[in-house]
Structure formats: structure tokens, C-alpha cells
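Chains as they are written, first to last, in this note's numbering: chain A, 177 to 508; chain B, 177 to 508.
Backbone N, C-alpha and C define an ideal beta-carbon position, used for all residues, glycine too.
Number of protein chains: 2
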Amino acid sequence: MSGTNRRRITSKELAKLAGVSSATISRAFSPDSRIGSATRDRILAVAREYGYQPNAIARSLNNQRSRLVALVVNAIGNPCEAEEQQLLVHRLQARQLLPILLCCADHSDRLQLMRLASTYQVDHVVIFSDMVSMQDAVDIFHTTRPIIVSFEPLENEDVSNVRIDGSVGAGEIIDKIVGDGKRRFAYLAGTKSSWIDKLRRKWFADALARHGLAFEAEAFGDYSYDSGFKEAVLLLHRSKVDAIICGNDVMAIGARDAARRVLGKNTPEDIAIVGQDGIAMAGWDCNDLTTLSLDHAAFMDAVVEVIERHEAGDEGPHSITLTCTPRWGSTA
Amino acid sequence: MSGTNRRRITSKELAKLAGVSSATISRAFSPDSRIGSATRDRILAVAREYGYQPNAIARSLNNQRSRLVALVVNAIGNPCEAEEQQLLVHRLQARQLLPILLCCADHSDRLQLMRLASTYQVDHVVIFSDMVSMQDAVDIFHTTRPIIVSFEPLENEDVSNVRIDGSVGAGEIIDKIVGDGKRRFAYLAGTKSSWIDKLRRKWFADALARHGLAFEAEAFGDYSYDSGFKEAVLLLHRSKVDAIICGNDVMAIGARDAARRVLGKNTPEDIAIVGQDGIAMAGWDCNDLTTLSLDHAAFMDAVVEVIERHEAGDEGPHSITLTCTPRWGSTA
DNA sequence: TTCGTTTGTGTAATCGTTTGCACAACAATA
DNA sequence: TATTGTTGTGCAAACGATTACACAAACGAA
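Structure follows, in C-alpha cells:
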């Protein structure tokens, strides 16, 4: 009930109250273990009365399984990651797995943070952040069943991963824009160091190459609206591009606003602007962005699929590849 | 190094390797404990060599302190919560506290979820969600140092909390809009059942009352853009309001788009639209929303302040109140 | 009746730390 | 030299569960 007692009751104490041994208490809470159903019912009743719940920390120590999952992300504030995390957290919760969030943005010491999480004996690790090297992650979590990485830089490691391939979708988008008469492309990257971003850029660069074109200008932001706005202004002042491919949707919205407000250019007539991610906001009436979109639900299904295989004892490595598709808006 | 050994080395094993007892290993990792500095250095060196880190699960069991913090939120996808969570997670990480995320949206069984988290002996709980009753939270986490609730329905409980008061700011916004000649107000609520939303509505209703006005129409959404859009359309079709106060910024953006696109009404001339939260997106050039804004950083500072007092052993209850201020845009 | 099997329960070891207590070595003091 | 203090270390008992093993009771079959 609304007990205000500070201390939690232990299985040994409950055992005394129910007139059994603590082993029997434990069995009452394990779905398939040899125990009389009368005993179980009685124990569960007494447990409810005294608010007893088995201590997960103690259980984890004994089991060698914590049912904790470390989620290594860049920034929750980024809508794309937020949408994905939301979906993943729900899927984990449905499986009685609890997510521990590690946020790598800003100047936190990422390695130390991962080391800290690893001391909690997490059962799984999902790396979304491209700010940590895969090798560091593998080293630090060497004891955890091999980690899952969300993107894949090369086919180098024997690490389970979920890979995103947008090359085909990027091709379709470039075809359309070139078909509309645009020839002078710029790439507005998420970050300078991100390998994810380098891969994504390559999808579009390859598609351009098939038309005998290449990026005329480059700029680097930080995945934020403000950086998209600011870099687009600079870009459009120093070169005469008529199409900008952006590292994500939020930057694309920033770039669109910059083009419209500062340069007086409209999409798609004066300039084509393309985002990446396919976040919900891109589809809002006020944005209506053309974007290379990923099915986030399918993405997270894939992540969970790998986790479940690991749970089942099949350590893989497993690899699942997903593709991105264009979502057409009025900006390109 | 890049060891691929599955099992983690224990303090007892390391003790053998270093020629000491496991107690000494433990002391080497405790900042202020009686241990010779030569011994400590040697142990730390050997530990690094074999990749030893103390097992936090075992430590938690012994210490009765897990350094885990449960964050009970509605939805990470909601930008306002995402921004706040981001700030909070950083502050926690800086204190070597790890956040466990409980996401209450959708149809997950919130109570069971909280019970699950409570078995992990979390040191603190922060309730952001208004989908769980405070009483449930207090009951389930009765063993944890009293929980922190982000808003406060009434002065009813002896629970530490951080309270948001927007009454003054809401008054300023209403004054401005009434001064601009608007008289017919609607409230587009976040949800029907949320007590947070009821409080927020009251701030504006009280301000209207001072002008001898009241809300002429009401509608209920779910804090999403789509619900803001849809409900605004219905609202504007069935009543002749010239000002809409929305439950959050995202719905306000949806309402603004609906007014513009479906009804052909512009802000602020034809209709005033006001948001709440003060998320970054509200300030984007394409939105430029007038909103009752909260300083999220100060908010999270306050949450951490309470956590730190609890950590220091002062269980309070503590209460901190923050106020909201208008952020003027072009929609009102 | 007697033996083998099934069922339900208790005993005790284990998971990997931390920490109170005891004690040896050594330094400082009288 | 004998007497205190101070340091550094080990021993062993927690912390709160789970589970292999042992065993008694109940049951069916011969």
C-alpha cells in the first residue's frame, strides 16, 4: 500500500513471514520451476501484502544477466535520433529490457562514459553515435555480447550491425533534380568528422557522377537548424549553386529558410533543397521537404531482431541492411 | 587491449595476479581508503593490463546505492521533452549517474514499467510524465529517496518537486493579444486528462478573466502536430475565434499551418496563435512562434539541485519554483 | 509390500564487491 | 627499551537473490 518504510523487504524476511525458505520465494517468482501451486499463490499473496519484489541487482549478479541495454547516442535533441529512440525504447520495454542512455554530444568524455556503462554489465549495446569509433566500442564492451552498430563504415569487423543503404534512393532524387534542369550541386554536411555523413554524401556523389556531375561546393554544419541556416547563407553567397543536399532534415529546413529569407530564393524553382532522415517534421505542411527517408520503425525492428538473436545465444555476427526511399515534398 | 575474451576478470583473479587480496583491489579503486600508494599504482597498472573494472552490479548490491536514475517521460519524440532530457542526461552523466529511460506513451503498462525499474534499486526517480499519478509513483518507488515530480498539481504531498509557474507570463501574453483587439479565445489542450495541461490552461483563463473574458471554445489533441492541425480546422469551422492558445509549441505550429492553409487566415492579423514550452524550433525563421517559454536549462538545473540535496542525505521535501516568460514571435 | 518415479521443499554455495575487525610492521615518543 | 600511534594488508561477513543437490513424502506399478 502507501507504505512509507524506507527499506525494501528481502526474500529471507518474506520467507520467514510465509513460513518457507528463501529458495521457495525465489521459485515462486520464476515462471517454470518446481513449486506447489498452493505455495506459490500463498507466497504471491504475502508478497503483494508486504510490497515485496525480487531485487534485480542481486538477481543480475547471480544470473550474469542484467537485462540492461546501453544506448549510445549523439544527442536526444536531434529529432531523428529522438524518433528512433522512442521506437526502440518501446520495443525494449515490451521485452522487459531497460535502456540506459549514454549521450555523447557536447564535450563529455565518451570513452569514460562507455566504460562506466560497461561496469553495469549491460546485456546489449547499441551504438547510434558516429562520434565513437567502432574499435573503441568493441574494446570497452568486449565482455558484452558483440555490439550492434547502426551504420557500417566498412565491412571490416565481425560485429553485428544494421546497415543503412540510401544509394538507390539518392539516385532517384538526383535523377529528378537533374531532370528539372538543375546542374550546380552543393553538399551541406552534418559534421566534418562523421563517417556516417561521408557515406551519405557518397550516395549522392555517385549518383551525380552518373550524370557527369560533381558537387561544386561543400559546407559543414553540426546537424542543427542554425548551422543549416548559417552555412546556407555563406554557401549561396560564395557560389551559384541551384541545389543543396543536406546532411539531415533539420539542416535542410534551416537552409530552405535561409534561401527564402536572406536570398529571396524559392524552392523548387530557384533552388532545390533535399534533406535526409525522413523525420515527421519534414512532412509538416510548413516544411513539405523532399528528403531521403528511412523507415524508422523498420530500422528499429531490425535492431531488435539482432538483439533477439543475441539473446537467443546466436552471437552472429548478424548484419541487416535497410534501404532509404525518397519522400517527395515541394522543395525539390 | 582488443581482447576478445568473453568473461570479465574479477577482483579475486586480479588479486592473485597482483599478489594481494581482493580487499586491497577494492581499496585501490576507492579514492580515499587506507592503501599504500605504491600498491595502488601497481594494482592500477595490472588492472589496466587485464582490462579490469569493478563490477558495478556487485558494488551496488553491497553499497545499497546503484547510481541509477529512472526518468519517467511521456515520449522522447516530443521535442520539448527531448530538449529537457538532453540537458538532464548531460547533467547526470557529469555526476556519474546513469539514466534509465521509462517511456510512458502509447499503451505500455506504465505501472508495471515503473515496478520493473524500481526493482533495479534506482537511487532517484524523476517523473516528467503526467500520465502517471503521483500517488502511484510514490507507492511504487516508496523505497527510493522520495521522488521528484516535475510539475505540481496541488500542495498536497510531501514529495520533492520542481514547479513551473507561468501565470505571470501568460498574463503578459493575454494583455498583448487583447490589446491588439482580439476578444474571442479558444484553448487547444494537449490532452484531456493531463493535470499539467489543466494548470496551464488556468494561467491563461485567469488572465482572460481579468479582462472580463473567457475561453469561448475548447479542443483536445495529443501534443502532436497532426492533432494541432486537425483540431484547429474543426475549431475554426465551428466557432469564430480570433485567438488560439495551444497546449504546446508543436500543436501551435500545426494550428498555424491549418489556419493558413485550410482557412486562409494569417497570423497575427486574422488570428493570434500562441504556443507553450519555448522549444528551439519555435524560434526558427519558418515558425517564429509567440510562446510562453520556459528556460529548460534552468529547469534541469533545478531538478539536479533537488537530486543533489537528496544525495547529500537531506530528503526534504524540497520544492523549487520556476517561472515562464513570453517569447514574442510573429504569430501573436 | 516394495521399488522407482515424481513432486515439493530446504540447505548451502555462488555471483563480485565492500568494509569492520584484527594484526603486523614500522615510526615516533618518552 | 618499552609504549604508543599510524599504516597497510588480509580475513571473513555481509549485500539479496538463484540453483545444484539432497531428501522426504506421495504416488503408481509390479
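Taking a contact to mean a Cβ-Cβ separation below 8 Å, would you say residue 434 (chain B) touches residue 396 (chain B) in this structure? With contacts defined by Cβ atoms closer than 8 Å, residue 434 (chain B) and residue 396 (chain B) do not form a contacting pair.
Which of the three DSSP states is assigned to residue 230 (chain B) in this structure? Residue 230 (chain B) sits in coil when the DSSP states are folded into three classes, being neither helix nor strand.
Going straight from the alpha carbon of residue 338 (chain A) to that of residue 302 (chain A), what length do you get? Straight-line Cα distance between these residues: approximately 10 Å.
Interface residues of chain A facing residue 275 (chain B) [CB-CB closer than 8 Å]: 276 and 277, listed in chain order.
Beta-carbon proximity check, residue 325 (chain A) vs residue 276 (chain A), cutoff 8 Å: Residue 276 (chain A) sits away from residue 325 (chain A), with the two beta carbons spaced by 8 Å or more.
May I ask you to list, following chain order, the residues of the segment 293-311 of chain A that have a beta carbon less than 8 Å from some beta carbon of chain B? So the close ones are 293, 294, 295, 296, 297 and 311.
Compare the beta carbon distance of residue 364 (chain A) and residue 459 (chain A) with 8 Å and say whether it is the shorter of the two. The answer is no: Cβ separation not under 8 Å.
Could one say the Cβ of residue 553 (chain A) lies closer than 8 Å to chain B's Cβ atoms, at least one of them? This structure cannot speak to residue 553 (chain A), because chain A is shown only from 177 to 508.
Contacts of residue 284 (chain A) in chain B (Cβ-Cβ under 9 Å): Chain B residues near residue 284 (chain A): 266, 269 and 270.
Residue environment, residue 212 (chain A), which counts as buried when at least 16 other CB atoms sit within 10 Å: Residue 212 (chain A) is exposed by the Cβ-count criterion.
Please look up how many angstroms separate the CB atoms of residue 320 (chain A) and residue 230 (chain B), rounded, as I've assumed it's under 8 Å. About 16 Å separates the beta carbons of residue 320 (chain A) and residue 230 (chain B), which is beyond the 8 Å limit, so they are not a contact pair.
According to DSSP, which residues form a beta bridge with residue 444 (chain B)? Looking at the DSSP assignment, residue 444 (chain B) forms no beta bridge with any residue, so it has no partner.
Candidates A:304, A:254, A:293 and A:278: closest to residue 371 (chain A) by CA position: Ranking A:304, A:254, A:293 and A:278 by CA distance to the CA of residue 371 (chain A) puts A:304 first.
Would the segment 189-201 of chain A and the segment 219-234 of chain A be scored as touching if the rule is three or more Cβ pairs under 8 Å? Judged by pairs of C-beta atoms under 8 Å, the segment 189-201 of chain A touches the segment 219-234 of chain A, as three or more such pairs exist.
Only counting the same chain, and skipping five residues up and downstream in sequence, which positions put a Cβ closer than 6 Å to that of residue 261 (chain A)? Closer than 6 Å at the Cβ level, and outside the excluded window around residue 261 (chain A), lies no residue.
Please state the DSSP three-state secondary structure of residue 413 (chain A). Helix, per DSSP.
Name the DSSP bridge partner or partners of residue 503 (chain A)? Listed as beta-bridge partners of residue 503 (chain A) by DSSP are A:467.
Got a sec? Which residues, its chain only, sit under 7 Å from residue 346 (chain A) by beta carbon, not counting five neighbours each side? Short of 7 Å from the beta carbon of residue 346 (chain A), and not among the five residues preceding or following it, lie these beta carbons of its own chain, in chain order: 379, 380, 383 and 468.
Can you tell me whether residue 177 (chain A) is buried or exposed? The criterion is at least 16 other CB atoms within 10 Å of its CB, across all chains shown. For residue 177 (chain A), the predicted model reports a pLDDT of 37, less than 50, meaning its position is unreliable and no value from the coordinates is stated.
At a cut of 8 Å, does the segment 467-483 of chain A reach the segment 405-414 of chain A through at least three beta carbon pairs? Flag = no, the segment 467-483 of chain A and the segment 405-414 of chain A do not touch.
Neighbourhood of residue 267 (chain A) by C-beta, 7 Å cutoff - its chain only, sequence neighbours within 5 removed: Hits under 7 Å: 476 and 480.
Quick check for students: name the residue ranges of the beta strand (DSSP E) that lie wholly in the segment 217-271 of chain B, counting only runs of 3 or more. Taking only runs of at least 3 residues, the beta strand (DSSP E) segments lying wholly in the segment 217-271 of chain B are 244-249.
Compare the C-beta of residue 259 (chain A) with all C-beta atoms of chain B and state if any pair is closer than 8 Å. Chain B places a beta carbon closer than 8 Å to that of residue 259 (chain A), counting this residue as a contact.
Which of helix, strand or coil does DSSP assign to residue 513 (chain B)? The structure shown has nothing for residue 513 (chain B), since chain B only spans 177 to 508.
Applying the criterion that 16 or more other CB atoms from any shown protein chain within 10 Å of the CB defines a buried residue, is residue 271 (chain A) buried or exposed? Under this definition residue 271 (chain A) is an exposed residue.
If you follow the alpha helix (DSSP H) that residue 376 (chain A) is part of, which residue opens it and which one closes it? 371-385 is the extent of the alpha helix (DSSP H) around residue 376 (chain A).
Assigned exposure category for residue 311 (chain B) - 16 Cβ within 10 Å defines buried: Exposed, since its Cβ has fewer than 16 Cβ neighbours within 10 Å.
Rounded to whole angstroms, what is the Cα-Cα separation between residue 413 (chain B) and residue 507 (chain A)? Whole-angstrom Cα-Cα distance: 30 Å.
Taking the alpha helix (DSSP H) that residue 292 (chain B) falls in, what are its first and last residues? 286-294 is the span of the alpha helix (DSSP H), which, as asked, contains residue 292 (chain B).
If we cut at 8 Å on Cβ distances, does residue 509 (chain A) have a partner in chain B? What the structure shows of chain A is the stretch from 177 to 508, and residue 509 (chain A) is not part of that stretch, so it cannot be assessed.
Find the nearest neighbour of residue 493 (chain A) within the set A:392, A:354, A:297 and A:484, judged by alpha-carbon distance. When each option's Cα is compared against that of residue 493 (chain A), the closest is A:484.
Helix, strand or coil: which one does DSSP assign to residue 357 (chain B)? The answer is coil: DSSP assigns residue 357 (chain B) none of H, G, I, E or B.
Taking its Cβ as the centre, do 16 or more other Cβ atoms sit within 10 Å of residue 221 (chain A), making it buried, or is it exposed? It counts as exposed.
Alpha carbon to alpha carbon, what distance is there between residue 185 (chain B) and residue 195 (chain B)? Rounded to whole angstroms, residue 195 (chain B) to residue 185 (chain B) spans 15 Å at the Cα level.
Does the CB of residue 500 (chain A) have a neighbour CB from chain B at under 8 Å? No, its Cβ sits nowhere closer than 8 Å to a Cβ of chain B.
Please check if any C-beta of chain B sits within less than 8 Å of the C-beta of residue 256 (chain A). Residue 256 (chain A) does not count as touching chain B.
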